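Under my numbering, the first residue of the sequence shown is numbered 456, with each subsequent residue one higher. A virtual CB, placed ideally from N, CA and C, is assigned to each residue, including glycine. Note that the coordinates shown come from a computational prediction; the quantities given were computed from them, not determined experimentally. Have a look at the structure below before the remarks.
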Amino acid sequence: MSNRTLIRGGLVVTAADEMHADVLVEDGRIAALAAHNSPVSQTWTAARTIDATNKYVLPGGVDAHTHMELPFGGTSASDTFETGTRAAAWGGTTTIIDFAVQSVGRALREGLDAWYAKADGNCAIDYGFHMILSDVNEQSLKEMDLLVEEGITSFKLFMAYPGVFYSDDGQILRAMQRSAVNGGLIMMHAENGIAIDVLVEQALAEGRTDPRYHGEVRKVLLEAEATHRAIQLARVAGAPLYVVHVSAEEAVAELATARDKGLPVFGETCPQYLFLSTDNLAEPDFEGAKYVCSTPLRPREHQAALWRGLRTNDLQVVSTDHCPFCFTGQKELGRGDFSKIPNGLPGVEHRMDLLHQAVVDGHISRRRWIEIACATPARMFGLYPKKGTIAPGADADIVIYDPHAEQTLSVRTHHMNVDYSAYEGRRITGQVETVLSRGDVVIDGRTFTGRAGHGVYTPRSTCQYLN
Ligand code: DUC
Ligand code: ZN
Ligand code: ZN
């Protein structure tokens, strides 16, 4: 009884169902659901009862793409695991999957251990890791198998950033062949970085140095071409493929064509591509630097194709690619040279709210919201049904969401460790009220009651979205 919590009277929304149900939580897990005020649920007692009347009861969000503390462009992402996971909790996300990084010339093990150490004891919510492969060679290919066994079941490769994270087509093919055998999922940053670097050099030589040129040189065609190439390489290898941060209509078209052939090809997009555009990148006085990320923001005409892709399931997941850099002292590194602006946007706190706004605006249904933000990322990366749904036996990661609250996003009120908001002044209908992480209340009526170290490392099985 003392470790029981009862959530009464809310509308429970999962990817599959909506029902007015009472939810019983015990020992960190969901013990039972029953129709609201049914004979069964009326017998339930608990140490704490949360009244969710007129609220939604949602599975905690699963953000499958974050970069806490990522060293990048001569600086590091400004959210630590402590500040970033706390902000995630404020926004109704209860699991992140962050990217451990292999350094060139070093073992995967070394990079992974460094990321375990950064996160250990610091997280407010549960977390897992993907592994970035920066140096595909005989040794790292062998290590992939060990990591899959250890619960690191997905690997990010870059067709961009020559000299940093970049892999050539041969390395990509080898990693895909390995994943076809060991069950790992290849996540692809699909942009032709060799061609982009030529255009960067030409732009800078011609004096085109402002942030907006970041968007112009990272052309749609070079995202679409890389997406196409990645798909063909995956076909040759007989491996599934997950393309991260899809931003362009033409890239969605490549995924749709592949999926129409029945290929196991998946795509993720991010709120910044759904809600922001090159108009932001073109903001004067270097303000556009706040919106520099890769893949870049696109002209707003691309947004319709992304929403359509989310509705048709040509895109399956919305993650944030949360990678914040402060304007002062970090984004400013690129004044006079857009190629020196650290790439990345803050967003881990706002994904669930922005996607609820998309429900309000009619882009997606309520259940699709939960599918793309909770259930599918959990399935895609081997965390289901522990995470991503509300069902008996699942972790009690639960969000009580007020769909009628009004809020305005702002640097003055957000909890991310970054000195600007990419969504400053944007009005949102809906707000997180209370959040449970494994049964513990970590946000209580919009007060943070969690702690660094509550969140635990969560190993993952292989992709569950293929079957
Ligand atoms: N894109 C970003 O915007 N930041 C970090 C890495 C990446 O691929
Ligand atoms: Zn990327
Ligand atoms: Zn990323």
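Near ligand 2: residue i beta-carbon under 7 angstroms from a heavy atom
i	result
His700	yes
Ser749	yes
His909	no
His644	yes
Neighbour-count burial assignment, residue i, 16 or more Cβ in a 10 Å radius
i	result
Glu861	exposed
Tyr746	buried
Gln657	exposed
Asn798	buried
Asp623	exposed
Ala572	exposed
Gly611	Correcting the residue type first, residue 611 is Lys in the shown sequence and not Gly. By the neighbour-count rule (16 or more Cβ atoms within 10 Å), Lys611 is buried.
Asp581	buried
Asn509	exposed
Val495	exposed
Val720	buried
Pro847	exposed
Gly880	exposed
Glu604	exposed
Lys786	buried
Asn396	As shown, the chain starts at 456 and ends at 922. That puts residue 396 outside it, with no answer to give.
Gly546	buried
Thr549	buried
Val815	exposed
Gln557	buried
Asn592	exposed
Val691	exposed
Lys841	buried
Val619	exposed
Asp553	buried
Asn458	exposed
Pro923	Coverage of the chain is limited to positions 456 through 922, which leaves residue 923 absent and any answer about it impossible.
Val636	exposed
beta-carbon residue i near ligand 3 non-hydrogen atom, thresh 7 angstroms
i	result
His585	no
His933	The structure shown has nothing for residue 933, since the chain only spans 456 to 922.
Asp776	yes
Closer than 7 angstroms: residue i CB and nearest ligand 1 heavy atom
i	result
Asn798	yes
Phe741	no
Phe730	no
His869	no
His522	yes
Phe536	no
Phe527	yes
Cβ of residue i within 8 angstroms of any chain C Cβ
i	result
Thr767	Checking the listed chains, one finds no chain C in this structure; it contains a single protein chain.
Using 8 angstroms as the Cβ pair cut-off and three pairs as the minimum, do the stretch 656-673 and the stretch 626-633 touch?
no
Looking at C-beta atoms only, is the number of pairs between the stretch 651-661 and the stretch 774-786 that lie closer than 8 angstroms three or more?
no
Meets three-Cβ-pair contact criterion under 8 angstroms: the stretch 556-573 and the stretch 800-807:
no
Contact between the stretch 676-690 and the stretch 703-710: three or more CB pairs below 8 angstroms?
yes
In the stretch 509-590, which residue ranges form an unbroken alpha helix (DSSP H) of at least 4 residues, counting only runs that do not cross its ends?
536-545, 563-574
Inter-stretch contact at 8 angstroms, needing at least 3 Cβ pairs: the stretch 831-847 / the stretch 517-525
yes
Below 8 angstroms, how does it come out for the stretch 519-530 and the stretch 909-920: are there three or more Cβ pairs, yes or no?
no
Segment contact, 8 angstroms Cβ cut-off, at least three pairs: the stretch 475-485 with the stretch 809-823:
no
Can you list the beta strand (DSSP E) stretches of 3 or more residues lying completely in the stretch 623-701, in chain order?
640-644, 696-698
Secondary structure, alpha helix (DSSP H): runs of 4+ residues fully inside the stretch 820-879:
821-825, 831-835
Should the stretch 722-731 be regarded as contacting the stretch 746-765, the criterion being three or more beta carbon pairs within less than 8 angstroms?
yes
Taking the runs of the alpha helix (DSSP H) that are 4 residues or longer, which of them lie wholly in the stretch 745-806?
757-767
Below 8 angstroms, how does it come out for the stretch 750-764 and the stretch 496-506: are there three or more Cβ pairs, yes or no?
no
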